[in-house]
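**Student:** With mature numbering (1 follows the signal peptide of the UniProt record, and there is no 0) applied, the sequence shown corresponds to residues -19 to -1, 1 to 93, in that order. One structure, as structure tokens, below. Some questions next.
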Amino acid sequence: PRRVQGLCVLLSLPKVSEWATLCMVCNNFKRGHCLRGKANCTMEQGPGCRTRDFFIFTERDGWSYNHTQLDCFDHCLPSSFHFGVLKISSFCCKGQDFCNRYQGKGQEWKPR
């Protein structure tokens, strides 16, 4: 009988640090669901997952929640910026996978 030599293949998988945090990515997150641009990203260093809530100002209603964006960001700092009738509130988290999934006003917002 003929013997066939076994073939040993070593796969090189990307090494993810034990300190890495998986974050949710979404361009338009509303009412607990990603409506556009759903993905994931990994932060190995830096602040981690970012949640940005977008509000629009109208004379009738004042500041009204519009949508949330979720992503990874190296220089994330909690903040609130105003650009005319647009307000953006940012939150940051790390250390727990998908910690930005339920942050901000997006999950709490309900239609009137």
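For every residue, glycine included, the Cβ atom is placed at its ideal position computed from N, Cα and C.
(1) Identify the continuous beta strand (DSSP E) that holds W44 and give its terminal residues.
(2) Which of the three DSSP states, helix, strand or coil, is assigned to A1?
(3) Would you identify the three-state DSSP class for N81, choosing helix, strand or coil?
(4) Within its chain, find whatever has a CB closer than 7 Å to the CB of G65; leave out the 5 residues flanking it on each side and keep chain order.
(5) Mapping the DSSP letters down to three states, classify L16 as helix, strand or coil.
(6) Assuming Y24 contacts R82 (C-beta within less than 8 Å), just tell me the rounded distance between them.
(7) Per the DSSP calculation, K68 is bridged to which residue(s)?
(8) Does DSSP put K75 in a helix, a strand or coil?
(9) Apart from the five residues just before and just after F54, which ones in its own chain have a Cβ nearer than 6 Å to its Cβ?
**Tutor:** For this structure:
(1) DSSP places W44 inside the beta strand (DSSP E), whose first and last residues are 43 to 54.
(2) It is coil, neither helix nor strand.
(3) The three-state secondary structure of N81, taken from DSSP, is coil.
(4) Taken in chain order, the list of residues that qualify is empty.
(5) L16 falls in the strand class under three-state DSSP.
(6) The sequence as given places Met at residue 24; Tyr does not occur at that position. Between M24 and R82 the beta-carbon gap is near 14 Å, outside 8 Å, which marks them as no contact.
(7) Paired residue(s): F36, H63.
(8) Correct three-state label for K75: coil.
(9) Close CB contacts of F54 within its chain, under the 6 Å cut and outside five residues either way in sequence, are with R31 (chain order).
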